[in-house]
Ligand SMILES: [Zn+2]
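Numbering (the numbering used here), first residue to last: 873 to 1220.
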């Protein structure tokens, strides 16, 4: 017997006969053999890949969805060109550097709430940039996802409200006298009822690139339910349902979000939209962390990428000479030189 075959023909036939799923049967009840055979081929390929792949690759691939790849990012999000390349590099676990067009810094310059910089070293694969919670980049990614989703939901539901404070869910804190924030991203009124949507974009891998227990879609969904308890002392606080819209940086969308989109008619599109926003938003975050608009006054090391040689620039020497030269290359000729050139042509 050929041992390279995945399973004996009899076992294959028995398994096919036992399965009644609509995907593998025609309406008349015949087995779709091509589907079955392709399944076997895919299983075989997965097994081969699993035998060779590194642990990091396995952990990354486990958290992935690919629906976003063939989708055009929504126009209103105004994503710039390098985003697709960066997103693909993140997907394959490659260095993000080659996709980042200009200057790159080596240390995370995102500002924390108290004004100090994050200061952690940036890794080539962009892991820190994806996971870093300092600064406005995460907020920007979250808000972009919320706005785009809200706008696309509008034609499908009765009403959409953005950034609503839900009084029923606000919990006054006796010690401080303040109310605990209960600001939900989207309040959506559908045919079946009111839903309170809360968006979260997160990175599913720990700092070493491996899977960390708490960073899963379900854990993040549970987080949202814990944060906004809808019952108190056995009594319902609100007649609305909480719906966590959770997406990770690799584009996988949480089950609760998919369930919510299902009756709206355009579920696949909406899931892909959230997926695209998660992936492109994260790529945008990597770009702005690795290539900030403003390089901090005294960077430890900055790498100039537009030359073949990666020259390490020291802050003291770099000051005047280098940037000026580059500007002059594209600037208009000085007036004197122009006059000279003119005189020459006239002479001829
Ligand atoms: Zn950081």
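C-beta: ideal position from N, C-alpha, C; glycine also. As the structure is a computational prediction, the values presented were derived from the model and not from experiment.
{"Check": "Inter-stretch contact at 8 angstroms, needing at least 3 Cβ pairs: the stretch 1118-1126 / the stretch 1144-1160", "Outcome": "yes"}
{"Check": "Neighbour flag for residue 1021 against chain B, beta carbons, 7 angstroms", "Outcome": "This model lacks chain B altogether; it includes just one protein chain."}
{"Check": "Through-space distance from residue 1072 to residue 1187, alpha-carbon basis", "Outcome": "Summary for residue 1187: the model assigns pLDDT 42, below 50, so the residue's position carries little reliability; its value from the coordinates is reported in the next sentence. Their Cα atoms are separated by approximately 38 angstroms."}
{"Check": "Environment of residue 997 [buried if 16+ CB atoms lie within 10 Å]", "Outcome": "buried"}
{"Check": "Cutoff 7 angstroms; reference residue 1144; Cβ partners in own chain excluding five residues on either side", "Outcome": "939, 940 and 943"}
{"Check": "Identified DSSP bridge partners for residue 989", "Outcome": "983"}
{"Check": "Under 7 angstroms between C-beta atoms of residue 1017 and residue 936", "Outcome": "no"}
{"Check": "Which listed residue (1034, 980, 1096 and 896) has its alpha carbon closest to that of residue 1059", "Outcome": "1034"}
{"Check": "DSSP state of residue 1135 mapped onto helix, strand, coil", "Outcome": "helix"}
{"Check": "Nearest candidate by alpha-carbon position, reference residue 967, set 1158, 1032 and 1117", "Outcome": "1158"}
{"Check": "Coil, strand or helix - residue 944 by DSSP", "Outcome": "coil"}
{"Check": "Proximity below 7 angstroms, CB of residue 1231 to CB of residue 1075", "Outcome": "As displayed, the chain neither begins before 873 nor continues past 1220, which places residue 1231 out of reach and without an answer."}
{"Check": "Where residue 883 falls, given that 16 or more other Cβ within 10 Å makes a residue buried", "Outcome": "exposed"}
{"Check": "Meets three-Cβ-pair contact criterion under 8 angstroms: the stretch 973-990 and the stretch 1103-1121", "Outcome": "no"}
{"Check": "Bridge-paired residues (DSSP) for residue 960", "Outcome": "Looking at the DSSP assignment, residue 960 forms no beta bridge with any residue, so it has no partner."}
{"Check": "Burial state of residue 959, where buried means 16 or more other Cβ atoms lie within 10 Å", "Outcome": "buried"}
{"Check": "Other residues of its chain near residue 1138: CB distance less than 7 angstroms, five sequence neighbours each side excluded", "Outcome": "1028"}
{"Check": "Alpha-carbon spacing of residue 1006 relative to residue 989, whole angstroms", "Outcome": "8 angstroms"}
{"Check": "Ligand 1 heavy atom lying under 6 angstroms from the CB of residue 992", "Outcome": "yes"}
{"Check": "Residue 1068 and residue 1112 closer than 7 angstroms at C-beta", "Outcome": "yes"}
{"Check": "Collapsed DSSP secondary structure at residue 1034 in the structure displayed", "Outcome": "strand"}
{"Check": "Cross-strand partners of residue 1113 (DSSP beta bridge)", "Outcome": "1067"}
{"Check": "For residue 905 and residue 1037, the rounded distance between their alpha carbons", "Outcome": "54 angstroms"}
{"Check": "6 angstroms CB neighbourhood of residue 1130 in its chain, flanking five on each side removed", "Outcome": "1143"}
{"Check": "Euclidean distance between Cα positions of residue 1012 and residue 1106", "Outcome": "37 angstroms"}
{"Check": "Cut-off 8 angstroms between Cβ atoms - residues of its own chain near residue 881, not counting five sequence neighbours on either side", "Outcome": "none"}
{"Check": "Rounded separation between residue 820 and residue 907 - CA only", "Outcome": "Any answer about residue 820 is impossible in this case: the structure gives the chain only from 873 up to 1220."}
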